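Colleague: To start, I am sharing the structure in question, which I have written as structure tokens.
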Amino acid sequence: MNGSPAGPRSSTMPALSWLVCSATARGRAHRDDVPNQDAVASTEVELPGGVRLQVAAVSDGHGGRRYVRSAYGSRCAVDLAVETVAAACLREGPGADLGAVLRRQMRELVFGWRREVQAHHEENPFSAEEVTRSGGADLRRDPVIAYGATLLVTIARGGEVALAQLGDGDALVRTHGSLPSHPVPGDDRLVAGETTSLCLPGAENDFRYATMAGGDEVDLVILATDGYGNSFAADDWWRSVVHDLATMAATSGAAALAERLPGWLEESATIGGDDVTAAVLVRTPMAEPSVAPPGAAAPPEPPGSTSITAPLLLASRPAAAKPAQPTSPAPPPVQPQPVPPAALATNRRRLVWLALVLALVAVAVVVFLVAHRAPPKPAPHKPVPVVSGATS
Amino acid sequence: MTMRPGAQLARRPLHFFLLADCSGSMASAGKMVALNNAVREVLPHLAETSTRNPHAQVLVRAIRFGTGASWHVQTPTEADDLAWTDLRAGGYTDLGAAIDLMAGALTVPPMEERALAPAAVLVSDGMPTDEYDEALANLLELPWGQRSIRMAIAIGHDADYDTLNRFIGDPALSPITAANPEQLVLALRWATTHVARAASVVPVGPPPAQLAAAWTTATNEEAVW
Chain P
25 MNGSPAGPRS STMPALSWLV CSATARGRAH RDDVPNQDAV ASTEVELPGG
75 VRLQVAAVSD GHGGRRYVRS AYGSRCAVDL AVETVAAACL REGPGADLGA
125 VLRRQMRELV FGWRREVQAH HEENPFSAEE VTRSGGADLR RDPVIAYGAT
175 LLVTIARGGE VALAQLGDGD ALVRTHGSLP SHPVPGDDRL VAGETTSLCL
225 PGAENDFRYA TMAGGDEVDL VILATDGYGN SFAADDWWRS VVHDLATMAA
275 TSGAAALAER LPGWLEESAT IGGDDVTAAV LVRTPMAEPS VAPPGAAAPP
325 EPPGSTSITA PLLLASRPAA AKPAQPTSPA PPPVQPQPVP PAALATNRRR
375 LVWLALVLAL VAVAVVVFLV AHRAPPKPAP HKPVPVVSGA TS
Chain X
95 MTMRPGAQLA RRPLHFFLLA DCSGSMASAG KMVALNNAVR EVLPHLAETS
145 TRNPHAQVLV RAIRFGTGAS WHVQTPTEAD DLAWTDLRAG GYTDLGAAID
195 LMAGALTVPP MEERALAPAA VLVSDGMPTD EYDEALANLL ELPWGQRSIR
245 MAIAIGHDAD YDTLNRFIGD PALSPITAAN PEQLVLALRW ATTHVARAAS
295 VVPVGPPPAQ LAAAWTTATN EEAVW
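Chains as they are written, first to last, in the working numbering: chain P, 25 to 416; chain X, 95 to 319.
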């Protein structure tokens, strides 16, 4: 897990820091001869003035037969993303507009990625085995396609987060201490397993972006390949994932989350069958639940994107078995963080409210039962004794 | 908190469609009886395919087509929960109507975002009597239609192999011919298992030699159809 303390926001506010944990698991539906085609990378950037930020990237190499080198493509994508974004943040300094940084760097990244995979192909022509594995596809017509992959990138600095996404997968955040959100706009073309890709012409125009300002109090970011979301039964799985991860981070610490993340992703890779990769960024301290400003409360899914006209890639992704690739080098262990006093006070308040509510419910039940009890049976009628001869 | 975050994990749905020719010609030589029997024999194998697959939950639907087409099993149903009602023969061979009906189920919604590629097996003994070209083209325009894994079984040698090949849409595969009830069981069993496993990307092999022999005229088995 990487940590990055940011500069203090004020002399009375605790410094915000970000911890990153990540894991990846090979899909169990894959053929034995195909490796894990996902990749993940992250880095911490130290800027002048003690400001630090985290950059993380996740990529999903396409699983169709012709994408015989998508594992290399995804690895190249995340390494390049983290390297170029970090370098840009260093150049632009502590006050950089994170959203603008991502927009510029993603455009450059697409060209850099293409150059790199083309160079890799020139040094390593496709083998006979790869041609066979591709099912007879003409790999040499456009070698870049064999390396095709998606990409999700984030920069986190203090309470600000910027996101960029190309293709499928999920970029999730929690804002205002309680609101799960899927802030990156959708893309109507992403249906039936089809996805936009780094290997498509015009990929630089296919990125979608989202920026969360400091006022949004983002304290959790999750980047995940689509294998994770596809393993859940419910369409709105992401709401409970954000809530549960945030709760765990708040109560048990980010280190506990980091320890358990690989196992969780293994389960998803087993049930869903696809490669599963996630990077989770946790802010310390986490945000207190607060009233969101108008327009920020429980944001609905953003509308489908837009005027993107690049052709779709039919990236049909039958999961081919892939031997697991190592994830990014394990970060140094981090001591579990004590639960902040503010969080404890919040938990106590919640318990008190819960107890009050339960008591009110119990009283209401008792009142209901009493009001609707069967009326007592009337006593049998006894004749009034009459004195003989008496008159009124 | 020690539990896994998020909601319940679940296998991904794999929607399987059987398109059954119920034209008048299927009433002859016991073909309709054989098809119904074959379906009943194959359902347990399809159920086993689903049970053994840790990633895919196979959900079965069936479309009958004769004069027009209609749902025979409309609700996606697990194979071992499916109580098969006999199909009855009569009418024309409106394959296009059947394809249109299936295409309607492959739009989004109702197809789930997390679904696996749908699978379909067409069983027919003759030539289509409606304009199926347009229906097939419309099906292949749909993202889920494009991704669907399709197979076809010819009952007897009067089936329109060109149509069946176009339905399959894979030059590496040919329709399977069933010349008698036993071959129909084998053919249906292989075809349903093939498409279900291909859709969930479990490696599949060629049809068994016994079945391949049905494709040729040189066979020791009695050709009923």
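A virtual CB, placed ideally from N, CA and C, is assigned to each residue, including glycine.
These figures come from a predicted structure and were not determined experimentally.
With 7 Å as the limit, tell me which residues of the region 130-148 of chain X have their beta carbon closer than that to any beta carbon of chain P; keep them in chain order.
Modeller: For the region 130-148 of chain X, the beta-carbon criterion of a distance under 7 Å to any beta-carbon of chain P is satisfied by Pro148.
Colleague: Just mark Ala211 (chain X) as buried or exposed, buried being the case when its beta carbon has 16 or more other beta carbons within 10 Å.
Modeller: buried
Colleague: Determine the chain P residues that contact Val202 (chain X) at a beta-carbon separation under 8 Å, and present them in chain order.
Modeller: Val215 and Ala216
Colleague: Quick check: what's the CA-CA separation for Gly287 (chain P) versus Arg283 (chain X)?
Modeller: Their backbone Cα atoms lie some 37 Å apart in a straight line.
Colleague: Answer yes or no: does any C-beta atom of chain P fall closer than 8 Å to that of Leu103 (chain X)?
Modeller: yes
Colleague: I need the straight-line Cα distance from Leu380 (chain P) to Arg374 (chain P), nearest angstrom please.
Modeller: 10 Å
Colleague: Just tell me which of P:Arg157, P:Gln129 and P:Gln142 has its CA closest to the CA of Thr178 (chain P).
Modeller: P:Gln129
Colleague: Going along the chain, which residues of its own chain have a beta-carbon closer than 6 Å to the beta-carbon of Leu153 (chain X), five neighbours each way excluded?
Modeller: Pro107, His109 and Pro170
Colleague: Taking the beta strand (DSSP E) that Val64 (chain P) belongs to, which residues open and close that run?
Modeller: Asp62 to Glu70
Colleague: At the 8 Å Cβ level, is Ser294 (chain X) part of the contact set with chain P, yes or no?
Modeller: True, the Cβ-Cβ gap to chain P drops below 8 Å.
Colleague: Can you tell me which of the three DSSP states Trp165 (chain X) falls into?
Modeller: Strand at Trp165 (chain X).
Colleague: Leu269 (chain P) versus chain X: which residues are under 7 Å apart at the beta carbon?
Modeller: Pro99
Colleague: Using the three-state DSSP reduction, which class does Met245 (chain X) fall into: helix, strand or coil?
Modeller: strand
Colleague: Quick one: what's got a C-beta closer than 7 Å to Phe117 (chain X)'s C-beta in the same chain, skipping five residues either side?
Modeller: The sequence given here has Ser at residue 117 (chain X), not Phe. So the list reads Gly160, Ala183, Gly185, Tyr186, Thr187 and Gly220, once near-sequence residues are dropped.
Colleague: Check this for me: beta carbons of Gly97 (chain P) and Gly172 (chain P), under 8 Å apart or not?
Modeller: yes
Colleague: Rounded to whole angstroms, what's the CA-CA distance from Ala53 (chain P) to Leu114 (chain P)? Just pull it up for me.
Modeller: Each residue's alpha carbon lies about 42 Å from the other.
Colleague: Since I believe Arg307 (chain P) is in contact with Leu436 (chain P) (beta carbons under 8 Å), could you give me their beta-carbon distance rounded to a whole number of angstroms?
Modeller: This structure does not reach residue 436 (chain P), given that chain P is present from 25 up to 416, and the question cannot be answered.
Colleague: Can you give the Cα-Cα distance for Leu103 (chain X) and Arg55 (chain P), rounded to whole angstroms?
Modeller: 22 Å
Colleague: Indicate the three-state DSSP secondary structure (helix, strand or coil) for Thr174 (chain P) in the structure shown.
Modeller: coil
Colleague: Under DSSP, the beta strand (DSSP E) around Glu184 (chain P) begins and ends at which residues?
Modeller: Glu184 to Leu190
Colleague: So what's Ser340 (chain P) in DSSP terms, helix, strand or just coil?
Modeller: Note on Ser340 (chain P): pLDDT 38, under 50, position unreliable in the model; the coordinate value appears next. Note: Ser340 (chain P) maps to coil in three-state DSSP.
Colleague: Going along the chain, which residues of its own chain have a beta-carbon closer than 7 Å to the beta-carbon of Asp252 (chain X), five neighbours each way excluded?
Modeller: Asp219 and Gly220
Colleague: Let me know the secondary structure DSSP gives Cys45 (chain P) once reduced to three states.
Modeller: strand
Colleague: Round the Cβ separation of Arg89 (chain P) and Arg157 (chain P) to the nearest angstrom and send it over; I've been treating them as touching at under 8 Å.
Modeller: 7 Å
Colleague: Quick check on Met310 (chain P) - is its C-beta less than 8 Å from some C-beta in chain X?
Modeller: no
Colleague: Rounded to a whole number of angstroms, what is the C-alpha to C-alpha distance between Ala81 (chain P) and Ser94 (chain P)?
Modeller: 16 Å
Colleague: Determine the direct distance from the alpha carbon of Gly85 (chain P) to that of Ser151 (chain P), and round the result to whole angstroms.
Modeller: 19 Å
Colleague: Determine the closest residue to Pro265 (chain X) out of X:Ala163, X:Met196, X:Arg158 and X:Asp256, with distance taken between C-alpha atoms.
Modeller: X:Asp256
Colleague: Cβ atoms of Leu126 (chain P) and Val109 (chain P): under 8 Å apart, would you say?
Modeller: yes
Colleague: So what does DSSP say about His109 (chain X), is it helix, strand or coil?
Modeller: Three-state result, His109 (chain X): strand.
Colleague: Quick check on the DSSP output: the alpha helix (DSSP H) that includes Phe261 (chain X) runs from which residue to which?
Modeller: Tyr255 to Ile262
Colleague: Between Pro170 (chain X) and chain C, is any beta-carbon pair separated by less than 8 Å?
Modeller: Annotation note: the requested chain C is absent from the structure, which comprises protein chains P and X.
Colleague: Closest Cβ-Cβ distance between Asn60 (chain P) and chain X: below 8 Å?
Modeller: no
Colleague: Do the region 138-155 of chain X and the region 237-245 of chain X meet, that is, are 3 or more Cβ pairs less than 8 Å apart?
Modeller: no
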